[in-house]
Each structure stands twice: as C-alpha cells, then as structure tokens.
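J.:
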Amino acid sequence: MIIFPAIDIRGGRCVRLTEGRFDQESVFADDPSEMAARWSAAGAEYLHVVDLDGALAGAGRNLPAIKKILEHAAMPVQVGGGIRTLAAAATLLDMGVSRVILGSVAVRDPQLVAAACKQFPGQVVVGIDAKDGKAAIEGWGVSGGIDAVELAQKMAVCGVEHIIFTDISRDGKLSGVNVEATAALARKSGVKIIASGGVASLEDIRSLQQYASDGIEGCIIGKAIYTGAVDLKEALRVAREG
C-alpha cells in the first residue's frame, strides 16, 4: 500500500482544514517545501498536494509554492485544486508534476476528463469527495448532485485508472477512515482507490490493507502526521508489511 503524505496549500502556506471548512484552518508551515523535504527524508514514496485557493477559484493560485515543492520532494508528486482545463493540467505536468487530480470538472464535464486521459495517459487522477454518499464540488462547498459510486463508474468509462475518495465528514477530524465505503467504491467501480479523510492511526492503515484485493491501493495522511498522532516512518513500515 502506498502512503501519500498530504500538503494542502492556502495563501502559500501549508495548512490543514477540518471537514474542508476554510474557517477551521490550522497552519503547520509558512513554507510548504519544508514539509516536502521532511516527508521525503522520512522515506515517503509519493506526495499529495492540494492548492486550496485553486479549488475555490477554479484555477491554480499557488504555482510558485508547488514549483518549490517539486524542487524539494525526492519522489513523485500529484497535485489537485482548480484544475479544470487541459491547459491547466498541461502546465502542472510540464512543471514536473507526475499526476494531476481532477475534481469538480469530473462532475461538470466528464468529456474533458476523457480527453485528459487520452492526452495524458496514466497521469490523470479523479478526486471524488463525498458526504452522505453524494459527491461535492467547488472546494466541497456545493453538492454535485450525483452519487459517488455512479460518478466513479462514469470515470472508469472515461479511462480513469485512479480515484482519490474522501469522506468529507471525517476529513481533518482524526475520527478514522471510512473503510467500508472506500472498499465498496473500489469494488463497484473497478478503479484503483486511494483512501482519504480521517486517517487517525496505524490501525486505519491495517484496516485498509485488508481490502487491497478489492482495489484499495493506498491512503492519504494529512492531519495525523502533522499533529504526531501517526509517525510517518511507522506508517510506511506498516504499509510495506502488508
């Protein structure tokens, strides 16, 4: 299982939100590249970066910070947040980003996702953020009006190979990952799933590992590694044991 340390950027700083709420923000570093170097030193294999300002604006807002992260991260980096055109995806990939994450556009314009998969094979990930089983868009502030499983199935048809599934109600709360919903999404979509939201302990990683055969490929850890609830080196060890 792949562990993805998360770096969320807002105003050029590394922050964490609770339930995706911008009024519940904790700042962990003024320079996100410092965290990239830290997670690299711990042995992380893949980094997950989100441009929170971009998610709200619908266009990249923290490209200088992302560029600096790429310079300090000795591993592949996937980036999401406000990527809603092929040009925006190309800009990030040309910078050296390994994979781009499409979120809101997957709901609004599935054909664009299909075009992106064709133009950038193997470099497109779709982020499905759900609350009560329904997908949310625009920085989690608006309901997408579609069931998360139905959306995942549509993305499979578009050629998407990886989906990041976030349970919004658990994100940033250290309340435990929604293993059952994540596994069900993997089974019903046939797409490799990266779990996100609520990872609070090594037991969450072990629980997810039990469903690897269903298609759970990895998990994103954010707040837990910033608060010290989970030691990243230990998380990586547990993931490799599985």
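Just so you know, the working numbering puts 78 at position 78 of the sequence shown, and the rest follows in order with no gaps. By construction, the Cβ of each residue, glycine as well, lies at the ideal position given by its N, Cα and C atoms. Keep in mind it's a predicted model, so treat the numbers as computed, not measured.
When you compare the region 87-94 with the region 126-137, are there three or more beta-carbon pairs, one atom per stretch, that lie closer than 8 Å?
T.: No, the region 87-94 is not in contact with the region 126-137.
J.: Leaving out the 5 sequence neighbours to the left and right, which residues in its chain are closer than 7 Å to Gly58 when beta-carbon positions are compared?
T.: As a first step, residue 58 is located in the sequence shown; it is residue number 58 there, counting from the start. Cβ within range, chain order: Gly82, Arg84.
J.: Rounded to the nearest angstrom, what separates Ala73 and Ser40 at their Cα positions?
T.: The sequence position of residue 73 within the sequence shown is 73, counting from 1. The sequence position of residue 40 within the sequence shown is 40, counting from 1. For Ala73 and Ser40, the distance between alpha carbons rounds to 6 Å.
J.: Looking at Val124: is its Cβ nearer than 9 Å to the Cβ of Ala152?
T.: Numbered from its first residue, the sequence shown carries residue 124 at position 124. Numbered from its first residue, the sequence shown carries residue 152 at position 152. No, Cβ-Cβ distance for Val124 and Ala152 is not below 9 Å.
J.: For the candidate residues Phe120, Ala136, Ala186, whose alpha-carbon lies nearest to that of Gly159?
T.: Within the sequence shown, numbered from 1, the residue matching residue 159 stands at position 159. When each option's Cα is compared against that of Gly159, the closest is Phe120.
J.: Please name the residue, chosen from Asp147, Val107, Gln111, Val79, that lies closest to Arg99 on a Cα-to-Cα basis.
T.: Within the sequence shown, the letter at position 99 stands for residue 99. For the residues Asp147, Val107, Gln111, Val79, the minimum Cα distance to Arg99 belongs to Val79.
J.: Let me know if Ser207 comes out buried or exposed under the rule of 16 or more other beta-carbons within 10 Å of its beta-carbon.
T.: Here residue 207 refers to the residue found at position 207 of the sequence shown. Buried is the call here.
J.: Do you know offhand how far Glu217's Cα is from Val77's?
T.: Along the sequence shown, one-based indexing puts residue 217 at 217. Along the sequence shown, one-based indexing puts residue 77 at 77. One C-alpha to the other measures close to 16 Å.
J.: Is Ala42 helix, strand or coil by DSSP?
T.: On the sequence shown, residue 42 is found 42 positions in, with the first residue counted as 1. Here Ala42 sits in coil by DSSP.
J.: If we require 4 or more residues per run, which alpha helix (DSSP H) segments fall completely within the region 182-242?
T.: As far as the region 182-242 is concerned, its whole alpha helix (DSSP H) runs of at least 4 residues are 202-209, 223-227, 232-241.
J.: Going by CA-CA distance only, name the one from Cys117, Pro32, Ile221 that's closest to Phe165.
T.: Your numbering for residue 165 matches position 165 in the sequence shown. Ranking the options by Cα distance to Phe165, first place goes to Ile221.
J.: With DSSP as the reference, please indicate the residues paired to Cys14 in a beta bridge.
T.: Within the sequence shown, the letter at position 14 stands for residue 14. Answer is Ile9, Ala29.
J.: Specify the secondary structure class of Trp140 as computed by DSSP and reduced to three states.
T.: One-based indexing of the sequence shown puts residue 140 at position 140. Here Trp140 scores only 47 on pLDDT, less than 50, and its place in the model should not be relied on; the value that follows carries that caveat. It is coil, neither helix nor strand.
J.: My understanding is that Gly122 touches Glu150, with C-beta atoms under 8 Å, so please give their C-beta distance in whole angstroms.
T.: Reading the sequence shown from its first residue, position 122 is the one you call residue 122. Reading the sequence shown from its first residue, position 150 is the one you call residue 150. Going by Cβ atoms, the distance from Gly122 to Glu150 rounds to 24 Å, so no, they are not a contact pair.
J.: Below 7 Å CB to CB, which residues in the same chain sit around Ala106 once its five sequence neighbours on both sides are set aside?
T.: As a first step, residue 106 is located in the sequence shown; it is residue number 106 there, counting from the start. Result list for Ala106: Val113, Val126, Leu151, Met155, in chain order.
J.: May I have the straight-line CA-CA distance separating Ile9 from Ile194, to the nearest angstrom?
T.: Position 9 of the sequence shown, counting from 1, holds the residue named residue 9. Position 194 of the sequence shown, counting from 1, holds the residue named residue 194. When rounded, the distance between both Cα atoms is 20 Å.
J.: My assumption, with CB atoms under 8 Å, is that Cys219 sits in contact with Ile7. Please give the rounded CB distance.
T.: Within the sequence shown, residue 219 is the residue found at index 219, counting from 1. Within the sequence shown, residue 7 is the residue found at index 7, counting from 1. Rounded, the Cβ-Cβ distance is 15 Å, inconsistent with contact.
J.: Between which two residues does the alpha helix (DSSP H) carrying Gly54 extend?
T.: Position 54 of the sequence shown, counting from 1, holds the residue named residue 54. Start and end: 52-57.
J.: Please classify Pro64 as buried or exposed, where buried requires at least 16 neighbouring CB atoms within 10 angstroms.
T.: Mapped onto the sequence shown, residue 64 falls at position 64. Exposed, since its Cβ has fewer than 16 Cβ neighbours within 10 Å.
J.: On the three-state DSSP scale, how would you describe Ala73?
T.: Residue numbering aside, residue 73 sits at position 73 when the sequence shown is read from its first letter. If DSSP states are grouped into helix, strand and coil, Ala73 belongs with coil.
J.: Please determine, among Ser33, Arg108, Ala116, the residue with the shortest C-alpha to C-alpha distance to Ala136.
T.: Within the sequence shown, numbered from 1, the residue matching residue 136 stands at position 136. Checked all of Ser33, Arg108, Ala116; the closest Cα to Ala136 is Arg108.
J.: Report the residue from Ala200, Asp167, Asp53 whose alpha carbon sits nearest the alpha carbon of Ala184.
T.: Your numbering for residue 184 matches position 184 in the sequence shown. Nearest of Ala200, Asp167, Asp53 to Ala184, Cα basis: Asp167.
J.: Quick one: using the 10 Å Cβ neighbour count with 16 as the cut-off for buried, is Gly223 buried or exposed?
T.: Walking along the sequence shown from the start, residue 223 turns up at place 223. Per the sequence presented here, residue 223 reads as Lys, with Gly not at that position. By the neighbour-count rule (16 or more Cβ atoms within 10 Å), Lys223 is buried.
J.: Between Ala239 and Gly215, which are expected to be in contact by the criterion C-beta below 8 Å, what is the C-beta distance as a whole number of angstroms?
T.: Here residue 239 refers to the residue found at position 239 when the sequence shown is read from its first residue. Here residue 215 refers to the residue found at position 215 when the sequence shown is read from its first residue. Contact flag wrong, Cβ pair sits at about 16 Å.
J.: Give me the Cα-Cα distance between Lys134 and Ala181, rounded to the nearest whole angstrom.
T.: The residue given as residue 134 occupies position 134 in the sequence shown. The residue given as residue 181 occupies position 181 in the sequence shown. One C-alpha to the other measures close to 12 Å.
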